[in-house]
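At position 367 of the sequence shown the residue is numbered 367 (this note's numbering), and the sequence of numbers has no breaks.
The beta-carbon is built from N, C-alpha and C at its ideal position, and this holds for glycine as well.
Worksheet: one structure, shown below.
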Amino acid sequence: MTKSTTKKVSNIAMWGVLALLMFALAGFGVTGFGGSVRVVAEVGDQEVTTNAYARAIRQEQRNLQQQTGQALSLSDMQSFGIDRGVLARLIASAALDNETARLGISVGDAEVARQIASIPAFQGVDGTFDRDGYTFALRSAGLNEREFERQVRSETARDILQGAVLGGISPSSTFAELIANWEFETRDITLVTVTMADLDAGPLAPSADELQSHYDENAAVFTAPEARRIKVAWATPEQLLSTIDVPQATLQELYEQRSDEFSQPPRVLAERLGFADRAAADAALAEMTAGITTFDALVTERGLTLDDVDQGELAASDVSDAIAAALFASDEPGLVGPVDTDLGPAIYRVNAVLSATEVPLEDVADVLRAEYARDQARRVLSDAIPEIDDLLAAGATLDELAAETDLNVETIEWRQGDSDGIAGYDAFQLAAAAVQDGDFPEVLELSDGGVFAIELLEVIPPALPPLSDIEADVTASWVAASNAARVLERATALADSEATLEDQGLETETIAGLARDGVLEGAPRALATQVFVLEEGEVAAIAGPDATAFVARVDRIVSADRSAPEVIQTVDALEQAILRGRAQDVFEAYGQAVQANAGLTVNQQAINAANASIGQGGL
């Protein structure tokens, strides 16, 4: 087995170790420890101490806080079973330690020293092992050197054992390639679309018996869902617009406040290129005027882009008087300058001259009036909320509320999915779904500034209306079902014909490279799925939406291109997934054997004592 494969297997070994817990926990509590709380569990000759358990719990708390940004208490961890997972990992490690000791697997001091020296946390700024930093880091973690070095020795021995157990496992290329070929296999097909136009007659009309049968067989479809009869008092700003008077003086004031929007002075679209001194600017302007160079070329020579020198729209008020005089001296685009700026001499290129614009008040009066009225209506309704609250608190009915305020009252039958009128507001839908019989109305707000209050009058259970009441709907449903069945029947006849699709004079469409998850415009998503069931040369009829059907013929089955990057990546991913699964299975079986041979004893009393101490900040 290659080193890379061995490493991949080792990386997943701990997941396999956790499988031990599923079997090891069956023995929890089978033997006591005579009241000792120093050890929480024993596997063979190996102990899991309360200190090791406490350190592992705290480390898990720190890890979870880094991942979630929230500090979890021990009780939170217990509610999620995290503490049991921590104990499981410790027991799994102890089981492996017991097995390595039984087999005599260990490493020497030199290997332990090498591994410790390679840990970045114990290295100084020069990258070499820092003895003082090593000691300080261990003390900060509540460990001493002897204990930590014993852990490193044990972990290394466990790695050797895991490598030995999993060393014979290799990925299954054949199985992975089989799955990848299935996923990336494509079809070249010929498709015929069948519609009502291909039938001898148009839509049929149902007889009375057919209509009754369709009604009976589809009762669930025609059953009206539960409805709620609700009385609602409500108003929106839009409903109050006609009541809001907007004086002409107010319109004039609004117009003047937005003068920047409705009137703009002359402007230019310009770019600016600066120079070190006036002589350089004059020389550049002379070369551009003579056609020796261009503004764009000078910009490029500076290592700039046109975006770097773009000044956008400029009005006279945006620049100094001298620059404004130069920029607006001509009504035509062109070069301007050199002119002095705060950054030194510059040449402007005017790309467009925009004339002054002014929109008269009469052209925007309707817009200003509507906006002002809408704002005033929102304010009116917002100011009315305390009054509405007081009226409802005093026992006013919704009808009385409507009489005293600007609210309108109506009764509606509301069902989930309705969107007409007030039912189109999310706030109403939530309130309508939640209101109960006997609830006192309360004022609520709508998203556009409207307000409403509701009262539940009756819950109308689901009911099947009489056929006479919904005859048009039932007829339309029957016709749709009839059309779909007749179209599919026609498609089936074409597919079953001994003549080819071409010989039948059908309009065909050739589609190459249809993927297993491919979607064709106008066809159901399931079409590709059904096509991939067919063998090469096979023809089948497939139902489509809206009284359409398809006749599909598989012309060629194209195997996956195993040299394609996506296929290679998929095969690699599948091989590793299969490898992980096999490794977990092997290590699960191995873990059961280790557990059975060593035996597990868990001291629940010690665990409880340790948890209590951890919860109080002890250990």
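query: For residue 443, which three-state DSSP category applies?
result: Taking the sequence shown and counting its residues from 1, the one referred to as residue 443 is at position 443. Of the three classes helix, strand and coil, the one that applies to residue 443 here is coil, per DSSP.
Could you please give the first and the last residue of the uninterrupted alpha helix (DSSP H) stretch that includes residue 91? Counting from one through the sequence shown, the residue named residue 91 turns up at place 91. Element bounds for residue 91: 82-103.
For this session: With a 10 Å radius around its C-beta and 16 neighbouring C-beta atoms as the bar for buried, classify residue 436 as buried or exposed.
Result: By one-based count along the sequence shown, residue 436 stands at place 436. So residue 436 counts as exposed.
Using 8 Å as the threshold, is the C-beta distance between residue 547 and residue 476 below it? Here residue 547 refers to the residue found at position 547 of the sequence shown. Here residue 476 refers to the residue found at position 476 of the sequence shown. No.
Quiz prompt | Through-space distance from residue 264 to residue 283, alpha-carbon basis | solution = One-based indexing of the sequence shown puts residue 283 at position 283. One-based indexing of the sequence shown puts residue 264 at position 264. Spanning the two alpha carbons is a distance of roughly 36 Å.
Margin query: Buried or exposed for residue 302, going by 16 or more other Cβ atoms inside 10 Å?
Written below: For this step, residue 302 is matched to residue 302 along the sequence shown. Exposed, by the Cβ-count rule.
Exercise. Give me the Cα-Cα distance between residue 537 and residue 464, rounded to the nearest whole angstrom.
Key: Taking the sequence shown and counting its residues from 1, one reaches residue 537 at position 537. Taking the sequence shown and counting its residues from 1, one reaches residue 464 at position 464. Going by the C-alpha atoms only, they are around 48 Å apart.
Checklist line | Runs of alpha helix (DSSP H) lying entirely within the stretch 347-424, each at least 4 residues, in chain order | finding: 361-393 and 398-404
Notebook entry, point to check: For residue 425, which residues from the same chain have a beta carbon less than 7 Å from its beta carbon, with the 5 sequence-adjacent residues on both sides left out?
Noted result: On the sequence shown, position 425 is the one that residue 425 refers to. Excluding positions up to five away in sequence, the list reads 446 and 447.
(request) Quick one: give me the first and last residue of the alpha helix (DSSP H) that residue 127 is part of. (result) Numbered from its first residue, the sequence shown carries residue 127 at position 127. Per DSSP, residue 127 belongs to no alpha helix (DSSP H) and is neither H nor E.
Per the DSSP calculation, residue 452 is bridged to which residue(s)?
By 1-based counting over the sequence shown, the position of residue 452 is 452. Per DSSP, 234 and 444.
- prompt: For the 8 Å Cβ check, are there 3 or more pairs between the stretch 332-350 and the stretch 264-281?
  reply: yes
Kindly give me the distance between the Cβ atoms of residue 453 and residue 444, rounded to whole angstroms, as I take these residues to be in contact under 8 Å.
-> Residue numbering aside, residue 453 sits at position 453 when the sequence shown is read from its first letter. Residue numbering aside, residue 444 sits at position 444 when the sequence shown is read from its first letter. Between residue 444 and residue 453 the Cβ distance is about 7 Å, and since that is below 8 Å, they are a contact.
C-alpha gap between residue 294 and residue 262, whole angstroms:
If you number the sequence shown from 1, residue 294 lands on position 294. If you number the sequence shown from 1, residue 262 lands on position 262. Answer to the nearest angstrom: the Cα atoms are 37 Å apart.
- By a C-beta neighbour count over all protein chains shown, 10 Å radius and 16 as the cutoff for buried, is residue 204 buried or exposed? The count along the sequence shown starts at 1 and reaches residue 204 at position 204. With fewer than 16 other Cβ atoms within 10 Å, it is exposed.
* **Straight-line Cα distance separating residue 594 from residue 79** => Taking the sequence shown and counting its residues from 1, one reaches residue 79 at position 79. Taking the sequence shown and counting its residues from 1, one reaches residue 594 at position 594. So the alpha carbons of these two residues sit roughly 30 Å apart.
- Query: What residue ranges within the stretch 151-231 form continuous alpha helix (DSSP H) runs of no fewer than 4 residues, ordered along the chain?
  - Reply: 173-184, 208-217 and 219-222
Q) Among 210, 226 and 241, which has the Cα closest to the Cα of residue 482? A) The residue labelled residue 482 in the question sits at position 482 within the sequence shown. Of 210, 226 and 241, the residue nearest in Cα terms is 210.
Check your understanding: Any idea what DSSP makes of residue 532, helix, strand or coil?
Key -> Numbered from 1 along the sequence shown, position 532 holds the residue referred to as residue 532. Of the three classes helix, strand and coil, the one that applies to residue 532 here is coil, per DSSP.
- So, residue 377 versus residue 241, is the Cβ gap smaller than 8 Å? Within the sequence shown, residue 377 is the residue found at index 377, counting from 1. Within the sequence shown, residue 241 is the residue found at index 241, counting from 1. The answer is yes: Cβ separation under 8 Å.
Among the candidates 469, 440 and 449, whose CA atom is the shortest distance from the CA of residue 455?
In the sequence shown, counting from the first residue as 1, residue 455 sits at position 455. The residue with the shortest Cα to Cα distance from residue 455 is 440.
N- and C-terminal bounds of the alpha helix (DSSP H) containing residue 621:
Any question about residue 621 goes unanswered here, given that the chain covers just 1 to 619.
If you check the beta carbons only, do residue 532 and residue 553 fall under 8 Å apart?
In the sequence shown, residue 532 corresponds to position 532, counting from 1. In the sequence shown, residue 553 corresponds to position 553, counting from 1. Going by C-beta atoms, residue 532 is not nearer than 8 Å to residue 553.
### Task
Check the C-beta distance from residue 41 over to residue 91 and give it rounded, since I have them as a contact under 8 Å.
The residue given as residue 41 occupies position 41 in the sequence shown. The residue given as residue 91 occupies position 91 in the sequence shown. Confirmed, Cβ separation roughly 5 Å.
Residue 304, buried or exposed, once every other Cβ within 10 Å from all chains shown has been counted against 16: On the sequence shown, position 304 is the one that residue 304 refers to. It counts as exposed.
7 Å CB neighbourhood of residue 174 in its chain, flanking five on each side removed: Counted from its first residue, the sequence shown places residue 174 at position 174. Excluding sequence neighbours, residue 174 sits near nothing in its chain.
> Going by DSSP, what residues sit across from residue 67 in a beta bridge?
Replying inline: Position 67 of the sequence shown, counted from the first residue, corresponds to residue 67. Its beta-bridge partners do not exist; DSSP assigns none.
Check your understanding: Touching or not, the stretch 503-512 and the stretch 227-238, by the rule of three or more beta carbon pairs under 8 Å?
Key -> no
Any idea what DSSP makes of residue 329, helix, strand or coil? Residue mapping note: residue 329 aligns to position 329 of the sequence shown, counting from 1. The answer is coil: DSSP assigns residue 329 none of H, G, I, E or B.
Under 8 Å, with one C-beta from each stretch per pair, do the stretch 347-357 and the stretch 379-393 reach the 3-pair mark? no
(message) Rounding to the nearest angstrom, what Cα-Cα distance links residue 581 and residue 420 in this structure?
(response) Reading the sequence shown from its first residue, position 581 is the one you call residue 581. Reading the sequence shown from its first residue, position 420 is the one you call residue 420. Answer to the nearest angstrom: the Cα atoms are 55 Å apart.
Residue ranges of each beta strand (DSSP E) within the stretch 529-583, 3 or longer: 539-543 and 549-558
Quick one, which of 389, 287, 347 and 260 has its alpha-carbon nearest residue 317's? As a position in the sequence shown, residue 317 is number 317, starting the count at 1. Considering only alpha carbons, the answer is 260.
Could you tell me the boundaries of the alpha helix (DSSP H) in which residue 514 lies?
Reading the sequence shown from its first residue, position 514 is the one you call residue 514. Element bounds for residue 514: not the alpha helix (DSSP H) but the beta strand (DSSP E), 509-514.
Note to self: Check this for me: beta carbons of residue 549 and residue 491, under 8 Å apart or not?
What the structure shows: Numbered from its first residue, the sequence shown carries residue 549 at position 549. Numbered from its first residue, the sequence shown carries residue 491 at position 491. Closer than 8 Å, so yes.
I'd like to confirm the pairing. Which residues does DSSP put opposite residue 602 in its beta bridges?
As a first step, residue 602 must be located in the sequence shown, where it is residue number 602. DSSP lists 41 as partners of residue 602.
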